[in-house]
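Here's the structure we're looking at; comments come further down.
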Amino acid sequence: MLRLHIWRHNGSLGVARTRTPIHNSYSRSRSLFKRFASSVSEEEESLDYSTRKGTISASPEKYYPPIYSARNSISGGLGELIRIEDFRVKFDSHDFSQYPQKRHPDTFIVEGKIKSIRKSGKAMYFIDLIQDDKKLQVMASNKLMNMSKDEFDEIHQFFKKGDFIICTGAASTTNVGELTIKLNKPVSLLSPRLTMVPNRLVDRGLINSNRVLNYLANEESRNPILIKSWITQSIRAYLLENNFLEVQTPLLAGAGTGANAQPFITRAKAISSVAENELQLRVAPELWLKRLVVSGFDKIFEIGTNFRNEGVDATHNPEFTTCEFYKSYTGLLELMKMTEELFRYIHHDLSKKDALNLKHTLPKLNFPQEFPKYEFVPTLEAKTGQKLPTELTSSNLVEYYTRIGLAVPENLSPHSLLDNLSGVYLEAISNETPNTPIIIYNQPAVLSPLAKSAKISYGVGMESKEYEISLRFELFINGKEYVNSYEEENSPYEQLAKFKLQQHAKSEFNDADLLIPDWEFIKAIELGLPPTGGWGCGIDRIAMLFSGVERIDSVLPFGNVRDVKKQ
């Protein structure tokens, strides 16, 4: 077995190994030695950063040069400035054997952040440089710079992991064939790191309260953020390829919301009247987008932020990102087809990306040519073994709960009772085929006050029952909703009646989830809203799906609203 001896030499920590007989306490001693060596090393590194910070603070202008000045200083106006990604594209497959000393004759200037430094005595340094998530090896040698070892080492030993640098040299390869830029001048500093970053961050409280430190210490935690960006780009690309127009609608407005949610309330100083200056942060862009369809914009979409003054949990945050699109002369079947196309489009796009999460999550997800579909009423009756009442009133639905032996929820509005039935019996179907989407469609009209309605009969002969349903569908995967879509109600008469029904139910049952009517929207569609299909998805939740994370704060750069307050 080995015994560790720790000693100090020139201010650094050394560890030697000697043979020693095996004895019962050895494993505990070895563990203690390891912990002591680690803690001393971290303490010394912290002191080193403290000294460094003191040095830099005495003359900060030397260490934070304007970039044009740094470039001119290191190159003297010579050499091609190139990003690491372009450097790799240019030289990754290049044959360097044709050049003397296997070095390309041209000079290049590269910039980036130091990921690691490896030192070979005083004469040579190898630096891994990162820019745009691409890595390039940098080799600095005293011989190539015509410097003594001591002079070379004195300059380069100052640099640390995390520093931002600029360097210039020639493209080449090492003996093992790794693409390298071999420097002809010393590395120059663009911006130093002044604080130590731990090798690993595991404390959840510290991660949540300091996302910057988390991304630096736990680089893989950046992947869900990258994946969310790629998904947003894919959705935008799909819609643009289908000739949709991207628009931006107001974030601040009056009382109309376009969704069943509690809004944030604020006031506008620019509006002097106290009676008029109360505004809401939007909970959805739906009614604004439909106004634009009325205005003659036939195919539009918006990707943007919405706000709902509600709870925080694993899948919900008061601030979140959605995509909604609207297409005139479009029915439910076409909307379903577009949804299937879009999810396959995203999956294909991400399969071409290089991210650690995707290697594990993408093979598990299954997006068939046609997603399984379940109609609300007949599927619910099949799952419960009981027929739904013809009149979907509160009392009838409470009696239905009794018949099927399901606990009655706190709120007794028909909307709340039906929504709960959907969650228990229908949405749960998506757990039976993991990682595969299902579509639930033709929900009762009371669940969708902005959707077009139709009367459908279920059953045969004397058993036949007629229900008013909405021409709507929702997409679920693993028990979570990802898409809500429907044919839009375009009759101002029907929309007015539905708004009044919602207002009455909200008053009778004190149901906070019911839609707040927008009476001005009625006036807008009196100008004429063509038959229109509308579609919405939560981008944060789709990013969770594709990156394989369980919590929404993993795809929000600074976490949920509680985390944001700590930073």
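Here our numbering runs 2 ahead of the position in the sequence shown, where the first position is 1.
Every residue gets a Cβ at the ideal spot worked out from N, C-alpha and C, and that includes glycine.
* **Contacts around residue 403, its chain only, beta-carbon distance under 6 Å, and the 5 residues preceding and following it disregarded** => 410
* Asked: Out of curiosity, what's the CA-to-CA distance linking residue 104 and residue 192?
  -> 29 Å
* First and last residue of the uninterrupted beta strand (DSSP E) at residue 130 -> 126-133
* Cutoff 6 Å; reference residue 300; Cβ partners in own chain excluding five residues on either side -> 330
* In three-state terms, what does DSSP make of residue 345? -> helix
* Is it a yes or a no for the segment 309-324 touching the segment 338-350, going by three-plus beta-carbon pairs under 8 Å? -> no
* To do: Consult DSSP for residue 549 and reduce its assignment to one of helix, strand or coil.
  => helix
* **Span separating the alpha-carbon of residue 556 from that of residue 548** => 12 Å
* **Collapsed DSSP secondary structure at residue 139 in the structure displayed** => strand
* Asked: Is the distance from the Cβ of residue 166 to the Cβ of residue 115 below 7 Å?
  -> yes
* Asked: Going by alpha carbons, who is nearest to residue 252 out of 307, 481, 568 and 237?
  -> 307
* Asked: How big is the Cα-Cα spacing for residue 290 and residue 207?
  -> 40 Å
* As assigned by DSSP and simplified to three states, the class of residue 335 -> helix
* Drop a sphere of 10 angstroms on the beta-carbon of residue 540, count the other beta-carbons inside from all chains shown, and report buried for 16 or more, exposed for fewer. => buried
* Kindly list the residues whose CB is nearer than 7 Å to the CB of residue 223, restricted to its own chain and excluding five residues on each side of it in sequence; keep chain order. => 216 and 217
* Asked: So, using beta-carbon positions, are residue 578 and residue 113 closer together than 7 Å?
  -> Nothing in the structure corresponds to residue 578, since the chain is present only between 3 and 569.
* Rounded C-alpha distance that separates residue 249 from residue 302 -> 7 Å
* If you drop the 5 nearest sequence neighbours on each side, which residues of the same chain put their C-beta closer than 7 Å to that of residue 545? -> 226, 229, 230, 233 and 557
* Asked: Exposed or buried, which one is residue 288 when buried takes at least 16 other CB atoms within 10 Å?
  -> buried
* Asked: Are the Cβ atoms of residue 380 and residue 440 separated by less than 7 Å?
  -> no
* To do: Excluding the 5 residues preceding and the 5 following residue 562 in the sequence, name in chain order all residues of the same chain whose CB lies nearer than 6 Å to its CB.
  => 314, 319 and 555
* Asked: Which class does residue 559 belong to by DSSP, given the choice of helix, strand or coil?
  -> coil
* To do: Could you please give me the residues that DSSP links to residue 457 through a beta bridge?
  => 470
* **Pair within 7 Å by beta-carbon distance, residue 511 and residue 413** => yes
* Asked: To which residues does DSSP link residue 315 through a beta bridge?
  -> 318
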